[in-house]
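Here the structure is laid out as structure tokens; the discussion comes afterwards.
Protein chains: 2
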Amino acid sequence: MKRSSGARVPGTEAPSAEVQLSDWGENEPLALLYFGFRAVVKKPDQELARHGLGRVHHRILFFIARSPGLGTIELLRTLDVSKQALHGPLRRLQRERLVQSVRDPDNARQRRLTLTPRGRALERRLSGYQRGLFAAAFRSVGPADAQGFCAVMRALALEARS
Amino acid sequence: MKRSSGARVPGTEAPSAEVQLSDWGENEPLALLYFGFRAVVKKPDQELARHGLGRVHHRILFFIARSPGLGTIELLRTLDVSKQALHGPLRRLQRERLVQSVRDPDNARQRRLTLTPRGRALERRLSGYQRGLFAAAFRSVGPADAQGFCAVMRALALEARS
DNA sequence: TAGACAGGTCAAGATGATTGACCTATCGCA
DNA sequence: TGCGATAGGTCAATCATCTTGACCTGTCTA
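Going down the list, the sequences are from chains A and B.
Basically the numbering used here = 1-based index in the first sequence + 887.
Basically the numbering used here = 1-based index in the second sequence + 887.
This is the structure we're talking about:
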């Protein structure tokens, strides 16, 4: 996440250059998705790096926060990662008392993942950056465009399922 | 990019589950961005994996294709990566005759990066998946929503600059 | 009671990013 | 003419992570 000393130009930090955001023709949506996505994950990534964590950790916190009590298998299917790939980050979050895993009393082989107060606070802060960015963007373009954004993203996500 | 044997459920390959795409409240845009982005990079990632390449390689090809003749420094600023992080992937693309680097006759310290015919073909195929996905999504939601999507993404990208 | 299910873990190898240091040319300008 | 900034290229150590693949425990349920 950090720039190298050799890469950073004298100027300041991360100027992100003067990348144009128009006239890409039919490739414009691709470029916009890339730059937009990068903009959204930028602040959380910086914050995570200060804790020595990565984007995966945020995603785990995010989805547990959205559906408290979900199981490990559900989580790894949602994230579309392997059990082994989830194992490390998830164990780490548990060691750092950000995530809690308790047995389901009704189905003892089920593990219910929840956030601890500390985990909730971190997730709130991380996703808060992103919600703030979206809120500002939505304000600046108006509700119709905001609806359009959601419609397109939903269509993209659904289409790839077919 | 591949699923592990231990992770894959008997069913088939990558069911991607039945992740709901609504009722996330104010977090819905975040979830949609995540799922949408993942959907868009999925096919290119699979294709890249067959060549032993990664997403970075596609991005390099993409931006060189959009602005043929751009220099190394411009490229790494556009991608917002360190010189060292760009070095490996870029050198590999050159070794595989997908990218060409020629000296600028007017400014000999400048390198002009261009795609070879093979590089152009690969970039076309990779980005083609994505353009196709967007085209279908735009068709299904209509031009107004498509405009909205672009407006929001542009706003997000611009806002993060401030 | 057998088999499927949820969960957890280990180990090896590959990959890639990161920091940090160094090197060559070349160009612009004082 | 010579110095500093620019553009580019590379090496090396470290660290984190993913991958494949194997193995293990309980717990349900038909």
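All C-beta atoms, glycine included, are put in the ideal place defined by N, C-alpha and C.
(message) Strictly below 9 Å CB to CB, what residues from chain B border A/GLY1035?
(response) Correct list: VAL1028, GLY1029, ALA1031, ASP1032, ALA1033, GLN1034, GLY1035, PHE1036, CYS1037, ALA1038 and VAL1039.
(message) Less than 8 Å between the beta carbons of A/ASN962 and A/LEU985, yes or no?
(response) It is Leu, not Asn, that sits at residue 962 of chain A in the sequence shown. Between A/LEU962 and A/LEU985, the CB-CB gap reaches or exceeds 8 Å.
(request) Please list, in chain order, all residues of the same chain as B/LEU940 whose beta carbon is under 7 Å from its beta carbon, the five residues on each side excluded. (result) Within the same chain, no Cβ atom closer than 7 Å to the Cβ of B/LEU940 is found once the five residues on either side in sequence are excluded.
(message) Within a Cβ cutoff of 8 Å, which residues of the same chain sit near B/SER891, ignoring the five residues on either side of it in sequence?
(response) Caution applies to B/SER891, whose pLDDT of 32 falls short of 50 and renders its modelled position unreliable; the value that the coordinates give is listed next. There are no such residues.
(request) Kindly indicate which residue of B/ARG937, B/GLN987 and B/GLN1017 has the alpha-carbon position closest to the one of B/LEU1004. (result) It should be pointed out that residue 1004 of chain B corresponds to Pro in this sequence rather than to Leu. Restricting attention to B/ARG937, B/GLN987 and B/GLN1017, the CA atom closest to the CA of B/PRO1004 is found in B/GLN987.
(request) Answer yes or no: does any C-beta atom of chain B fall closer than 8 Å to that of A/VAL906? (result) Interface residue, yes.
(request) Thinking B/ALA952 and B/ARG1007 are a contact (beta carbons under 8 Å), I'd like their distance in whole angstroms, please. (result) In this structure, B/ALA952 and B/ARG1007 form a Cβ contact; the two beta carbons are roughly 7 Å apart against a cut-off of 8 Å.
(message) Which residues in chain B have a C-beta closer than 8 Å to the C-beta of A/SER1014? List them in chain order.
(response) When 8 Å is used as the limit between beta carbons, A/SER1014 is near these residues of chain B: ASN914 and LEU917, in chain order.
(request) Closer than 8 Å by beta-carbon distance: list the chain A residues that pair up with B/ARG1007, in chain order. (result) The contacting residues do not exist; B/ARG1007 stays about 13 Å from chain A at best.
(request) Output yes or no for whether 8 Å exceeds the beta carbon distance between B/ALA1042 and A/VAL1039. (result) Not in contact: B/ALA1042 and A/VAL1039 (Cβ atoms no closer than 8 Å).
(message) Strictly by DSSP, which residues pair up with A/SER988?
(response) A/SER988 is bridged by DSSP to A/LEU1000.
(message) Could you compute how far the alpha carbon of A/ALA1044 sits from the alpha carbon of B/ASP993?
(response) Just so you know, the alpha carbons of A/ALA1044 and B/ASP993 end up roughly 47 Å apart.
(request) Taking all protein chains shown into account, decide if A/HIS944 is buried (16 or more other Cβ within 10 angstroms of its Cβ) or exposed. (result) Residue environment for A/HIS944: buried (at least 16 other C-beta atoms within 10 angstroms of its C-beta).
(request) Determine the chain A residues that contact B/LEU948 at a beta-carbon separation under 8 Å, and present them in chain order. (result) Result: empty, since nearest Cβ-Cβ is about 12 Å, beyond 8 Å.
(message) In whole angstroms, give me the CA-to-CA distance for A/LEU1000 and B/GLY958.
(response) Answer to the nearest angstrom: the Cα atoms are 48 Å apart.
(message) Which same chain residues end up closer than 8 Å to A/GLN981 when comparing Cβ atoms and leaving out the 5 residues on each side of it in sequence?
(response) Within the same chain, A/GLN981 has close Cβ partners GLN987 and SER988.
(message) Across the segment 1017-1029 of chain A and the segment 1020-1031 of chain B, are there enough close Cβ pairs to call them in contact, namely three or more that are closer than 8 Å?
(response) The segment 1017-1029 of chain A is not in contact with the segment 1020-1031 of chain B.
(request) Assign B/GLU913 to buried or exposed, taking buried as 16 or more other Cβ atoms, counted over all protein chains shown, within 10 Å of its Cβ. (result) B/GLU913 comes out exposed.
(message) Can you give me the C-alpha to C-alpha distance between A/PHE950 and B/GLY956, rounded to a whole angstrom?
(response) When the Cα atoms are used, A/PHE950 and B/GLY956 turn out to be separated by approximately 43 Å.
(request) Look up A/LEU1043 in the DSSP assignment and say whether it is helix, strand or coil. (result) Three-state DSSP puts A/LEU1043 in a helix.
(request) Tell me, please, whether the CB atom of A/ARG1011 is closer than 8 Å to any CB atom in chain B? (result) Taking Cβ atoms only, chain B never reaches closer than 8 Å to A/ARG1011, which makes this a no.
(message) If you follow the alpha helix (DSSP H) that B/ASP932 is in, where does it begin and where does it stop?
(response) Segment 915-937, the alpha helix (DSSP H) holding B/ASP932.
(request) Apply the 10 Å Cβ neighbour rule to A/ARG964 and answer buried if 16 or more other Cβ atoms are within range, or exposed otherwise. (result) Under this definition A/ARG964 is a buried residue.
(message) Can you tell me whether B/LEU957 is helix, strand or coil according to DSSP?
(response) B/LEU957: strand per DSSP, three-state reduction.
(request) Compare the C-beta of B/LEU962 against all C-beta atoms of chain A and say whether one is closer than 8 Å. (result) The beta-carbon of B/LEU962 is placed no less than 8 Å from the nearest beta-carbon of chain A.
(request) Starting from A/ARG982, trace the alpha helix (DSSP H) both ways and give me its first and last residue. (result) 970-982 is the span of the alpha helix (DSSP H), which, as asked, contains A/ARG982.
(request) Output the distance between the C-alpha atoms of A/ARG1011 and B/PRO916, rounded to the nearest integer angstrom. (result) As the crow flies, the alpha-carbon of A/ARG1011 is around 15 Å from that of B/PRO916.
(request) With distances taken Cα to Cα, identify the nearest neighbour of B/GLY1015 among B/GLY923, B/GLN907 and B/PRO931. (result) Per the Cα distances, B/PRO931.
(request) Please confirm if B/VAL927 has its CB atom under 8 Å from at least one CB of chain A. (result) So, interface residue.
(request) From the DSSP output, in three-state form, read off B/LEU1013 for me. (result) The answer is helix: DSSP assigns B/LEU1013 an H, G or I state.
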